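Data first, discussion second: the structure below is written as structure tokens.
2 protein chains.
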Amino acid sequence: MYRWPRVNRRRLVGAFVAAALLFVPVLPFSTLAESPSTTDQLPSWNDGKAKQAIIYFVKATTDSSSPNFVPPEKRIATFDQDGTLWVEHPMYTQVIYCLERVPALVKAKPELANVEPFKTVMSFLSGDRAAVEKLSLPDLEKIAAATLTGMTVDEFQAEAEKWITSAKDQRWKRPYTDLVYQPMLEVLSYLRGNNFKTYIVTGGGQDFVRVYSNRVYGIPPEQVVGTAGGTTFSYDQNGEPMLTKDPKLLLNDNFAGKPEGIHFMIGLRPYAGFGNSTGDQQMLEYTGAGDGMRLKMLVLHDDAEREYAYGPAEGLPDTKVGTFTQELFDEGKRDGWIVISMKDDWKTIFAPAKTNP
Amino acid sequence: MYRWPRVNRRRLVGAFVAAALLFVPVLPFSTLAESPSTTDQLPSWNDGKAKQAIIYFVKATTDSSSPNFVPPEKRIATFDQDGTLWVEHPMYTQVIYCLERVPALVKAKPELANVEPFKTVMSFLSGDRAAVEKLSLPDLEKIAAATLTGMTVDEFQAEAEKWITSAKDQRWKRPYTDLVYQPMLEVLSYLRGNNFKTYIVTGGGQDFVRVYSNRVYGIPPEQVVGTAGGTTFSYDQNGEPMLTKDPKLLLNDNFAGKPEGIHFMIGLRPYAGFGNSTGDQQMLEYTGAGDGMRLKMLVLHDDAEREYAYGPAEGLPDTKVGTFTQELFDEGKRDGWIVISMKDDWKTIFAPAKTNP
Numbered sequence: 106m107y108r109w110p111r112v113n114r115r116r117l118v119g120a121f122v123a124a125a126l127l128f129v130p131v132l133p134f135s136t137l138a139e140s141p142s143t144t145d146q147l148p149s150w151n152d153g154k155a156k157q158a159i160i161y162f163v164k165a166t167t168d169s170s171s172p173n174f175v176p177p178e179k180r181i182a183t184f185d186q187d188g189t190l191w192v193e194h195p196m197y198t199q200v201i202y203c204l205e206r207v208p209a210l211v212k213a214k215p216e217l218a219n220v221e222p223f224k225t226v227m228s229f230l231s232g233d234r235a236a237v238e239k240l241s242l243p244d245l246e247k248i249a250a251a252t253l254t255g256m257t258v259d260e261f262q263a264e265a266e267k268w269i270t271s272a273k274d275q276r277w278k279r280p281y282t283d284l285v286y287q288p289m290l291e292v293l294s295y296l297r298g299n300n301f302k303t304y305i306v307t308g309g310g311q312d313f314v315r316v317y318s319n320r321v322y323g324i325p326p327e328q329v330v331g332t333a334g335g336t337t338f339s340y341d342q343n344g345e346p347m348l349t350k351d352p353k354l355l356l357n358d359n360f361a362g363k364p365e366g367i368h369f370m371i372g373l374r375p376y377a378g379f380g381n382s383t384g385d386q387q388m389l390e391y392t393g394a395g396d397g398m399r400l401k402m403l404v405l406h407d408d409a410e411r412e413y414a415y416g417p418a419e420g421l422p423d424t425k426v427g428t429f430t431q432e433l434f435d436e437g438k439r440d441g442w443i444v445i446s447m448k449d450d451w452k453t454i455f456a457p458a459k460t461n462p
Numbered sequence: 106m107y108r109w110p111r112v113n114r115r116r117l118v119g120a121f122v123a124a125a126l127l128f129v130p131v132l133p134f135s136t137l138a139e140s141p142s143t144t145d146q147l148p149s150w151n152d153g154k155a156k157q158a159i160i161y162f163v164k165a166t167t168d169s170s171s172p173n174f175v176p177p178e179k180r181i182a183t184f185d186q187d188g189t190l191w192v193e194h195p196m197y198t199q200v201i202y203c204l205e206r207v208p209a210l211v212k213a214k215p216e217l218a219n220v221e222p223f224k225t226v227m228s229f230l231s232g233d234r235a236a237v238e239k240l241s242l243p244d245l246e247k248i249a250a251a252t253l254t255g256m257t258v259d260e261f262q263a264e265a266e267k268w269i270t271s272a273k274d275q276r277w278k279r280p281y282t283d284l285v286y287q288p289m290l291e292v293l294s295y296l297r298g299n300n301f302k303t304y305i306v307t308g309g310g311q312d313f314v315r316v317y318s319n320r321v322y323g324i325p326p327e328q329v330v331g332t333a334g335g336t337t338f339s340y341d342q343n344g345e346p347m348l349t350k351d352p353k354l355l356l357n358d359n360f361a362g363k364p365e366g367i368h369f370m371i372g373l374r375p376y377a378g379f380g381n382s383t384g385d386q387q388m389l390e391y392t393g394a395g396d397g398m399r400l401k402m403l404v405l406h407d408d409a410e411r412e413y414a415y416g417p418a419e420g421l422p423d424t425k426v427g428t429f430t431q432e433l434f435d436e437g438k439r440d441g442w443i444v445i446s447m448k449d450d451w452k453t454i455f456a457p458a459k460t461n462p
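Protein chains in written order, with the working numbering: chain A, 106 to 462; chain B, 106 to 462.
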């Protein structure tokens, strides 16, 4: 739970009332059967309302004597990826992948070196860090189409796998897949241990995330819902069937596209939803509109030292990558969503360094 | 395995060679560890090559000492529904649903009673059995759009659930969900007992099949891949989020659309695929093109007495519903697919009558 930074007396009264209301559902806590394991399932979380809300939700929905019991086949939990499960600043990892694929494109078709937006990307990769600022949204779409489509699904998987196991983040000098949030890995594991089916619901590319989701998050490819283009089935010169990735967008899995994607791919309304930006608003609204108890959580990046700080909610710096507006913050506050403060709620940010697979 | 009906000497030699080839993979059978359970997992199957092929495949892919071992997270099996898991003649069940929804449409909008194709459907439902023959494909598309879209996903689920639990097949006077093939239920259960994830991959409507898939097949909604339109997220007059089914087709899950849908929804190539018509050809080709051992099976409806007989493969009567061409039969024969003869391979056709839920 986000702790309000500057407290005056009037705010304190408001906070007290809010806290009291928040504690109402916590009151019958002791009446619920204890989990068979008494060890802390969320050791990287500081004690606080966010951690309590997660534990309370799991106990209330899995204890068969609870009025909020949810049968195992309906236990669906959905997680945004960028900024919710791993670092998204200064740029989404998949965008970096697309940019870093451009040299291979240019090598295959040298004439592209003088064609925009590829020319600008080549300057950027040669060290002109400012060049990337020139890229417009249509430019990025062109780059995405050129690097994410046109190949077979097997070729794409091999390329993405090769990159994700070798590329490193500039600030931490560690593979991107190391920059996942340990507290969220614990939530995934805790939910799965209680028979929740955990899904990634990402604005990122479905095929991209599927390459590493099982290894990194324990989430199999079939439980990744993401932005996706179509494929075309055909036969190669030997008559072998193949699937080619084509640029036709089938699912734009962001904003309203998230609940639409959830219905399309899962067909069930989640009982728990986790996000961190305006792109997750509709997913959390859809989650919250179901009956019984639903858990809606938003990660607030308020820790410039250990990770990044951005909002613009609560006076944090504004950003185009993972925008968390004040409006979203206020809606969440009004509707019983829980804001997770990275700074206050998380003891550690990243999982321990792993050796590469 | 389909037994060739008229055998002459030349055919007999060919059949012998084919049988010998088929038995090659069966040779190391005894070297595989026995299943912990020695009870027959497929009691409704007659002993024969089809039953043997299923058992051999499961043992070979789940025994960790087998060269064809498949790790559990990759054990995907896909099943067509209409004609593979339940009866599709004389008409697909979902088409009957659409037709039988028309009176409710006409009641809500009486002017439709004089508008085609609704007028023809009303005549058909009043007893003019020939009227339905007049309906063209565009007519059926209009009826589908009017009965399957425009409502919220919750409203659709409630309507479809109400119908499927009360409507009855004309020939058997039993609910459609009773007309599922007991031998196939045993295959689903046998595969799941060996950690295969079983999926329905149907040309039928994804949202329609999801209404009863768990109850009837033990397949949860998220493991149903079917023809699907988009939905639109919006808010009702109380500001509550809602999803409305719209007529825009996102996935035409038939023919080439089946492997495309499998990649989109699952992201993994199946190890086992089951179908019964040309609509399943590409799914079985895609399944077969993977490495290691893959099981490809086609149900042949050759039992007019206990169910229906149609092809036109092998001289069976032609049909527009679930067409099994001679070309498909020959391709399967050439590429090691197994044809299941309903007449010869299945001891019983239907599961025992159930009381309605």
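Backbone N, C-alpha and C define an ideal beta-carbon position, used for all residues, glycine too.
Since this is a predicted model, take the numbers as computed values, not measurements.
{"Query": "Chain B contact for Val-258/A (CB, 8 Å cutoff)", "Result": "yes"}
{"Query": "Distance, Pro-326/B Cα to Val-292/A Cα", "Result": "24 Å"}
{"Query": "Nonlocal neighbours in the same chain, by C-beta distance under 7 Å from Ala-414/B, ignoring five residues either side", "Result": "His-406, Asp-407, Asp-408, Leu-421, Pro-422"}
{"Query": "When Gln-186/B, Ile-324/B, Lys-179/B, Ala-155/B are compared against Val-306/B, the one with the closest alpha-carbon", "Result": "Gln-186/B"}
{"Query": "Contacting residues, own chain, Cβ-Cβ under 6 Å from Val-192/A (five flanking each side not counted)", "Result": "Leu-284"}
{"Query": "Simplified DSSP assignment, three categories, for Trp-268/A", "Result": "helix"}
{"Query": "C-alpha gap between Gly-427/B and Leu-190/B, whole angstroms", "Result": "12 Å"}
{"Query": "Secondary structure, beta strand (DSSP E): runs of 3+ residues fully inside the segment 304-334 of chain A", "Result": "none"}
{"Query": "Per-residue DSSP class, three states only, for Thr-349/B", "Result": "strand"}
{"Query": "Any C-beta of chain B under 8 Å from that of Met-370/A", "Result": "yes"}
{"Query": "Proximal chain A residues relative to Asn-319/B, where beta-carbon distance stays under 7 Å", "Result": "Glu-178"}
{"Query": "Boundaries (first-last residue) of the beta strand (DSSP E) holding Ala-182/A", "Result": "181-184"}
{"Query": "Contact with chain A by Tyr-376/B, beta-carbon distance below 8 Å", "Result": "no"}
{"Query": "Asp-168/A - DSSP class collapsed to helix/strand/coil", "Result": "coil"}
{"Query": "Pro-208/A - DSSP class collapsed to helix/strand/coil", "Result": "helix"}
{"Query": "Contacting residues, own chain, Cβ-Cβ under 7 Å from Asn-357/A (five flanking each side not counted)", "Result": "Thr-332"}
{"Query": "Under 8 Å between C-beta atoms of Tyr-304/A and Gln-287/A", "Result": "no"}
{"Query": "Close beta carbons around Glu-412/B, own chain, < 7 Å, minus the five adjacent residues each side", "Result": "Val-192, His-406, Met-447, Ile-454"}
{"Query": "Proximal residues, the segment 296-317 of chain A versus chain B, C-beta separation under 8 Å", "Result": "Lys-302, Gln-311, Asp-312, Arg-315"}
{"Query": "Gly-335/B beta carbon less than 8 Å from that of Asp-312/B", "Result": "no"}
{"Query": "Extent of the continuous alpha helix (DSSP H) run through Ser-446/B", "Result": "Unbroken run through Ser-446/B is the beta strand (DSSP E), 443-446; no alpha helix (DSSP H)."}
{"Query": "Proximity below 8 Å, CB of Ile-248/B to CB of Val-207/B", "Result": "yes"}
{"Query": "Beta-bridge pairing of Leu-217/B - partner residues as DSSP gives them", "Result": "Partner(s): none; Leu-217/B has no beta bridge."}
{"Query": "Closest residue to Asn-359/B among Tyr-376/A, His-194/A, Phe-338/A, Pro-375/A (Cα-Cα distance)", "Result": "Phe-338/A"}
{"Query": "Distance CB(Ala-158/A)-CB(Ile-367/A) smaller than 8 Å", "Result": "no"}
{"Query": "Delimiting residues of the alpha helix (DSSP H) encompassing Ala-251/B", "Result": "242-253"}
{"Query": "Stretch-stretch touch, CB-based, cutoff 8 Å, three pairs: the segment 372-380 of chain B with the segment 393-405 of chain B", "Result": "yes"}
{"Query": "Run of the beta strand (DSSP E) containing Val-404/A, from where it starts to where it stops", "Result": "400-405"}
{"Query": "Test: Val-329/A CB closer than 8 Å to a CB of chain B", "Result": "yes"}
{"Query": "Straight-line gap, Ala-361/A to Gln-387/A (C-alpha atoms, nearest Å)", "Result": "5 Å"}
{"Query": "Cβ neighbours of Ala-458/B in the same chain (closer than 7 Å, five flanking residues each side left out)", "Result": "Arg-279, Asp-283"}
{"Query": "Assigned exposure category for Phe-174/A - 16 Cβ within 10 Å defines buried", "Result": "exposed"}
{"Query": "Check whether Arg-198/A and Arg-180/A have beta carbons under 8 Å apart", "Result": "Before going on, a small fix: residue 198/A reads as Thr here, not Arg. No, these two residues do not count as a Cβ contact at 8 Å."}
{"Query": "Bridge partner(s) assigned by DSSP for Val-258/A", "Result": "In DSSP, Val-258/A forms no bridge with anything."}
{"Query": "Range covered by the alpha helix (DSSP H) that runs through Gly-393/A", "Result": "386-393"}
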